[in-house]
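A.B. asks:
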Amino acid sequence: MTETAVRIERDADVRRAHASDASGLVLVPDGVARPTSGEEVAALLAECNAIGAPVTAAGGQTSTTAASICDRGVLLSLRAMDRVLEVDAERRVARVEPGVIVADLKRACAAEGLLLPLDPTSEEECTIGGAVACNASGARSLRYGATRPYVRALTVVMADGTLTQLRRPQLEKNTVGYALAHDPVDWFVGSEGTLGVVVEAELALLPLPEQVVGLALPFLSEAAALRFVAAARASESLNPRCIEYFDQLALEIVRGVEGARDWAPDATAFVYVEEEPPVGLPPALDAWLELAESADGLVDDARVYEGEGALREARRVRHAVPAHMNERGDARRAFGGRKVSTDWAVPYARLGEAISRARSLAREAGIEQAVIYGHAGNGHPHQNFIAHDADELGRIERVVEATLREVLAMGGTVAAEHGIGKLKRKWLPLQMTPLQLRGMQAMKHELDPAGILAPGNVL
Ligand SMILES: Cc1cc2nc3c(=O)[nH]c(=O)nc-3n(C[C@H](O)[C@H](O)[C@H](O)COP(=O)(O)OP(=O)(O)OC[C@H]3O[C@@H](n4cnc5c(N)ncnc54)[C@H](O)[C@@H]3O)c2cc1C
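As numbered in this note's numbering, residues 17 to 475 make up the sequence shown, in order.
#1: Report yes if the CB atom of Leu424 is closer than 8 Å to the CB atom of Gln452, and no otherwise.
#2: Mind checking which residues open and close the beta strand (DSSP E) that includes His396?
#3: Count the other CB atoms, across all protein chains shown, that sit within 10 Å of the CB of Arg348; report buried if there are 16 or more and exposed otherwise.
#4: Any chance the CB of Ala126 is under 7 Å from a heavy atom of ligand 1?
#5: Taking the DSSP output, what are the residues bridged to Cys258?
#6: Taking 7 Å as the cut-off, is the CB of Asp316 close to at least one heavy atom of ligand 1?
#7: What does DSSP give as the partner residues of Ile388 in its beta bridges?
#8: Tell me the DSSP bridge mates of Leu42?
#9: Alpha carbon to alpha carbon, what distance is there between Arg111 and Ala155?
#10: Ligand 1 and Asn65: does any heavy atom of the ligand fall closer than 7 Å to the residue's C-beta?
#11: Rounding to the nearest angstrom, what Cα-Cα distance links Thr210 and Pro225 in this structure?
#12: Answer yes or no: the CB of Gly382 versus the heavy atoms of ligand 1, is any distance below 7 Å?
#13: Say the cut is 7 Å; is the CB of Ala38 nearer than that to a heavy atom of ligand 1?
#14: Nearest by alpha-carbon distance to Gly435: which of Ala378, Pro200, Asp29 and Cys150 is it?
#15: Taking the CB atoms as reference points, tell me whether Pro262 and Phe244 lie closer together than 8 Å.
#16: Exposed or buried, which one is Pro223 when buried takes at least 16 other CB atoms within 10 Å?
#17: Quickly, what does DSSP pair Ile117 with across the bridge? List them, please.
#18: Compare the Cα-Cα distances from Glu238 to each of Leu314, Val173, Asn255 and Ala276 and report the closest residue.
#19: Helix, strand or coil for Val333? Go by DSSP, reduced to three states.
#20: Is Lys122 buried or exposed, if buried means 16 or more other CB atoms sit within 10 Å of its CB?
#21: Run the CB neighbour count on Val295, radius 10 Å, all protein chains shown included, and call it buried at 16 or more, exposed below.
#22: Taking Leu231 as part of the alpha helix (DSSP H), name the residues at either end of that continuous run.
#23: For Ile24, write down the residues that DSSP places opposite it in a beta bridge.
This is the structure we're talking about:
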């Protein structure tokens, strides 16, 4: 081992502590490395590459697709590299190590009057490295987009241990070479640890909005709520930063959260919207209520969230849904079951049709309906099933595959947010052509010829 190489820990407790993520799978690595610098990561990769030993990078290990766990080689935890190196209010950029927790960076930026727009629901547990590697998105991506556009520069350790600095070109026009080669920063955003290890990131920031208002709107039926979502998206006067949908089962989970127990007793679904009123103008509450009423909304039970504390509360309530489902899934692990989550998406106008087809497919297969909630404004719900045992897991996976085929026929995608990881790899060829897959394999081979980085993820 070279002087700069980080120690590989073989202790069973340490290995087990890094063996699970939010996928419900347990994969115990052969060893765990916890570097504190990019140089240590580089030395480790150079050594592993020389002997063909696999290395899987991990941040907060909140992956729902088993992308951050492995049962071969070294689990490379970047959590100890957690320094915010710089928040430059003038240039509106933050420079950070990969192990910084997303919400911690958001708070550091807010203290400077700046917004880090990345918005995964898991922001209190997930890292910047993980968010970059998964191109994380969230509720507010409706306005701000996913992580990708905010990544200005990356320092990446390549599979052979070379430290490489990459910066997005500032060109407004460019005709040199294939589009694929224009901006290597894009190769690593969303690459799920398979092409290189991010050891530093520079992220673009925006001014913090002056005002934010949230509104929870209950509906009598799923159909009415989804009609409202489509109308809100199509509206030219309303300008929401998120439109989130919650079905009846999600509403029941929300009602279990303190303060929400007796809310909207007649509702079987609700929609949560947030908007950032322009400076000096009041929020468009009346316009929202009017639109909800025209879609049979129960507007008398609408709740308004104004101010930092109230918005944090709304976020806590929303987070209760995936957190509750994760707990239910974990409780079935001993029986061969787990949570099965989807993150398919369709063009927003077809969301009602897609959810209705998804429910029919589950009903026809005789399986319990999933909890359906999430980023409806982007045509992107989460459909979370609980498989109680291994047999039910198989039946649910067949229903999910049938749903994905219909989603693709509607112009959708099999994974809009959580990536492919290990669990969704089997569905990649449903969406991508053999030519696209060969292109990705060629790139992987070029950047990681020995195939040591995150084997089993994506390809
Ligand atoms: C309750 C809950 C809610 C969630 N909500 C959202 C959501 O709203 N939006 C969303 O997008 N996702 C969501 N997720 C999924 C997950 O939180 C995100 O994908 C997150 O960005 C992963 O970050 P992490 O630090 O936990 O990464 P990990 O889970 O540790 O790793 C994820 C992937 O990134 C790679 N990776 C990690 N660090 C590095 C690095 N430094 N260099 C290279 N590769 C690296 C890993 O190899 C792996 O492939 C949710 C998960 C949970 C459990």
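Where a beta carbon is used, it is the ideal one built from N, C-alpha and C, also for glycine.
C.D. replies: Taking the geometry as given:
#1: For Leu424 and Gln452, no; Cβs fall outside 8 Å.
#2: His396 to Ala403
#3: buried
#4: No, the beta carbon of Ala126 sits no closer than 7 Å to any heavy atom of ligand 1.
#5: Glu290
#6: no
#7: Gln399
#8: The amino acid occupying residue 42 in the given sequence is Val; Leu does not appear at that position. DSSP, once it has assigned bridges, lists Ser36 as partnering Val42.
#9: 24 Å
#10: no
#11: 36 Å
#12: no
#13: For ligand 1, at least one heavy atom lies less than 7 Å from the Cβ of Ala38.
#14: Cys150
#15: This sequence places Phe at residue 262; Pro is not what is there. Their beta carbons are not under 8 Å apart, which means Phe262 does not touch Phe244 by this criterion.
#16: exposed
#17: Thr143
#18: Leu314
#19: helix
#20: buried
#21: exposed
#22: First-last for Leu231: Val229 to Phe235, but that is the beta strand (DSSP E), not the alpha helix (DSSP H).
#23: Ala49
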